[in-house]
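With the working numbering as the guide, the letters of the sequence shown map in order to residues 4 to 362. Glycine included, each C-beta is placed from N, C-alpha and C at the ideal position. Keep in mind it's a predicted model, so treat the numbers as computed, not measured. Working notes for the structure below.
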Amino acid sequence: MSDDFERDPLKRQKEPTHEAKADLDSESTQSIDGPYATDLEKLIEAKEGGRKIVAVIGFGLSGKSFYINRLRYELPKTGLWNCMPKHKTDVKRSSSGIELTRAVTTRGKKHSYIITDVAGESFARGYHAVDKKLELQGKLDIDKACLTVIALADAYALFIPANDLHPDVTDDQVRKDLNKEMLDSFQTIVGLIKIANNRRVDTESIRDFLVDGITENELLEAFDKIESTTQRPICILYSQADRYAKNENVEGNYDQDPFLFTFRHFRNLAFNIHYFFEYYRFDFLSAFYGQPDDSDIPNYDLKSYGSVEAFTWLHKVLSSQHSLSGMASRLWNGILPTRKAIALRCLLDKRFKQEWRSS
Ligand SMILES: Nc1nc2c(ncn2[C@@H]2O[C@H](COP(=O)(O)OP(=O)(O)O)[C@@H](O)[C@H]2O)c(=O)[nH]1
Ligand SMILES: [Mg+2]
Numbered sequence: 004m005s006d007d008f009e010r011d012p013l014k015r016q017k018e019p020t021h022e023a024k025a026d027l028d029s030e031s032t033q034s035i036d037g038p039y040a041t042d043l044e045k046l047i048e049a050k051e052g053g054r055k056i057v058a059v060i061g062f063g064l065s066g067k068s069f070y071i072n073r074l075r076y077e078l079p080k081t082g083l084w085n086c087m088p089k090h091k092t093d094v095k096r097s098s099s100g101i102e103l104t105r106a107v108t109t110r111g112k113k114h115s116y117i118i119t120d121v122a123g124e125s126f127a128r129g130y131h132a133v134d135k136k137l138e139l140q141g142k143l144d145i146d147k148a149c150l151t152v153i154a155l156a157d158a159y160a161l162f163i164p165a166n167d168l169h170p171d172v173t174d175d176q177v178r179k180d181l182n183k184e185m186l187d188s189f190q191t192i193v194g195l196i197k198i199a200n201n202r203r204v205d206t207e208s209i210r211d212f213l214v215d216g217i218t219e220n221e222l223l224e225a226f227d228k229i230e231s232t233t234q235r236p237i238c239i240l241y242s243q244a245d246r247y248a249k250n251e252n253v254e255g256n257y258d259q260d261p262f263l264f265t266f267r268h269f270r271n272l273a274f275n276i277h278y279f280f281e282y283y284r285f286d287f288l289s290a291f292y293g294q295p296d297d298s299d300i301p302n303y304d305l306k307s308y309g310s311v312e313a314f315t316w317l318h319k320v321l322s323s324q325h326s327l328s329g330m331a332s333r334l335w336n337g338i339l340p341t342r343k344a345i346a347l348r349c350l351l352d353k354r355f356k357q358e359w360r361s362s
């Protein structure tokens, strides 16, 4: 059972709904069919076996699949991780569905993750379905499954293509729309986490949760109450950052302060994330520095900035949360709840404090 199950105050206030009660009472025997059945079964098995799910979420073409292949290539080179399957030499676009990658530590206590590439279109269709009040109950389709996977995940990597935020590339209105889309996406993730908490999804009821799906009412209700927090870590990655850097005539890694960048572009999103996620991180990511646009063939000889770091951060947060030495291990690894880190930075960095307070 997840940590935030214990921590979410809504838990104690609310009785489970009828559907949730039925979920709790029923045996987990429902079967899954359809084109993604094998992947979903693997995911359930992994979760039942105690493995952690990292959901990689973002719109189409934001660089998710390239990033995951970079991890498949780079993580084993560190000697600390094994990845399955191996990196691809050709990354085909898929407009729906999920793709799984397993990453397991090679040394010490075993940690095992299922990195799940959630196709942007499935995610968007899923949350637009909520927006447009479409019926989410009924037959399990892949869009609904994607929402459920997000609800079940233990950690998140949210992709935002950096260059879409550049004033030379997109006009004000487009950037405003993107801002709204990102807030909507964020709200959806928050809503889904709360639903999983409210339904008391544990290892025995994962299958039912996936098959039964999420109801529109549940999601709308979850949006209403944001006052709880979660310990699940989230990494917001400004992807393909090399393209942004090129527009700024910056050579090499784009290493501006990602917090100040966030204040400039996503002030609202930043505060929403701050108040819901105890562990969050913004960063620039160039998984394939200088990769030509629209190419399906990743060039692994290109430099990569921020790829392994983002994954390692999620791993460090998750593993320190579940270690006995808890706080000590977190401090040792330099992992503080982000809010504490922000408070510290406000003390030490006047410019940051000004930006932070000027909302
Ligand atoms: N310049 C640059 N291009 C990238 C990078 N990562 C991916 N791309 C390009 O972005 C396109 C979309 O990436 P993909 O991973 O397929 O996006 P997805 O739809 O989010 O899975 C690819 O065709 C690549 O050419 C990067 O780090 N830098
Ligand atoms: Mg993809």
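Whole-angstrom distance between residue j and residue i, CA atom to CA atom
i: H318; j: P301; result: 25 Å
i: T218; j: A148; result: 12 Å
i: E77; j: A165; result: 22 Å
i: P79; j: L222; result: 39 Å
i: A58; j: I209; result: 16 Å
i: Y247; j: Y257; result: 8 Å
i: L27; j: D211; result: For L27, the predicted structure reports a pLDDT of 38, less than 50, and the residue's modelled location is therefore unreliable. The matter cannot be settled from this model.
i: D304; j: T315; result: 21 Å
i: T92; j: G100; result: 20 Å
i: A290; j: D260; result: 18 Å
i: V214; j: N250; result: 46 Å
i: R34; j: L150; result: One point to set straight first is that residue 34 is Ser, not Arg, in the sequence displayed. About 18 Å.
i: K136; j: V94; result: Residue placement at K136 is poorly supported in this model, since its pLDDT is 48, which falls under 50; the coordinates still yield a value, given next. C-alpha separation (whole angstroms): 34 Å.
i: A25; j: I198; result: Reliability of the predicted coordinates at A25 is poor, the pLDDT of 40 falling under 50, and the value obtained from them is presented with this limitation in mind. C-alpha separation (whole angstroms): 15 Å.
i: E254; j: T81; result: 26 Å
i: L195; j: M185; result: 15 Å
i: I163; j: R54; result: 27 Å
i: A2; j: E224; result: In the structure displayed, the chain extends from 4 to 362; residue 2 sits before or after that span and is not available.
i: T109; j: V177; result: 45 Å
i: E30; j: A244; result: A caution first: E30 carries a pLDDT of 45, below 50, which makes its placement in the model too unreliable to give a value.
i: P19; j: D157; result: Model confidence at P19 stands at a pLDDT of 36, short of 50, so the residue's coordinates are unreliable; what they give is reported in the following sentence. In a straight line, the C-alpha of P19 is about 22 Å away from that of D157.
i: S115; j: Q324; result: 15 Å
i: R202; j: K353; result: 43 Å
i: L139; j: A122; result: Reliability of the predicted coordinates at L139 is poor, the pLDDT of 49 falling under 50, and the value obtained from them is presented with this limitation in mind. About 18 Å.
i: N85; j: K112; result: 14 Å
i: L347; j: E48; result: 41 Å
i: N220; j: T191; result: 13 Å
i: K14; j: G52; result: A caution first: K14 carries a pLDDT of 29, below 50, which makes its placement in the model unreliable, though a value can still be read off. About 25 Å.
i: L351; j: T265; result: 19 Å
i: D297; j: Y70; result: 15 Å
i: H90; j: R75; result: 5 Å
i: K179; j: P236; result: 26 Å
i: K183; j: G293; result: 29 Å
Bridge partners - residue i, DSSP secondary structure assignment
i: W316; result: Answer is none; W316 lacks a bridge partner.
i: A405; result: Since the first and last residues shown for the chain are 4 and 362, residue 405 lies out of range.
i: V94; result: V94 pairs with nothing; no bridge assigned.
i: W84; result: T108
i: E358; result: Answer is none; E358 lacks a bridge partner.
i: F280; result: T233
i: E102; result: D120
i: Y308; result: S289
i: S115; result: V107
Residue from the options whose Cα sits closest to the Cα of residue i
i: R105; options: E312, K50, D180 and I198; result: K50
i: D299; options: A346, F274 and G66; result: G66
i: I107; options: H169, D187, T265 and I56; result: Residue identity differs from the one stated: residue 107 is Val in this sequence, not Ile. It is I56 whose Cα lies nearest to the Cα of V107.
i: Q234; options: E281, D352, L195 and V214; result: E281
i: G216; options: G52, L155, A244 and P295; result: L155
i: D187; options: T341, R75, F269 and D175; result: F269
i: Y39; options: P295, R75, S97 and P88; result: S97
i: P340; options: R284, D296, D297 and R360; result: R284
i: D175; options: G293, L347, R267 and T232; result: R267
i: T232; options: N220, N200 and N252; result: N200
i: H169; options: N252, T41, G293 and R75; result: N252
Sub-8 Å separation of residue i and residue j beta-carbons
i: L3; j: E358; result: Nothing in the structure corresponds to residue 3, since the chain is present only between 4 and 362.
i: S307; j: R73; result: yes
i: C238; j: D286; result: yes
i: I338; j: V320; result: yes
i: V193; j: F279; result: yes
i: L83; j: K45; result: no
i: D146; j: S68; result: no
i: L181; j: D167; result: yes
i: R360; j: H277; result: no
Assumed close pair residue i, residue j - CB separation to whole angstroms, cut-off 8 Å
i: I60; j: I153; result: 7 Å
i: S322; j: L288; result: Not quite, the Cβ-Cβ distance comes to about 22 Å (not below 8 Å), so this is no contact.
i: L240; j: A160; result: 6 Å
i: N275; j: F189; result: 6 Å
i: E124; j: G37; result: Contact doesn't hold; Cβ gap of about 17 Å is too wide.
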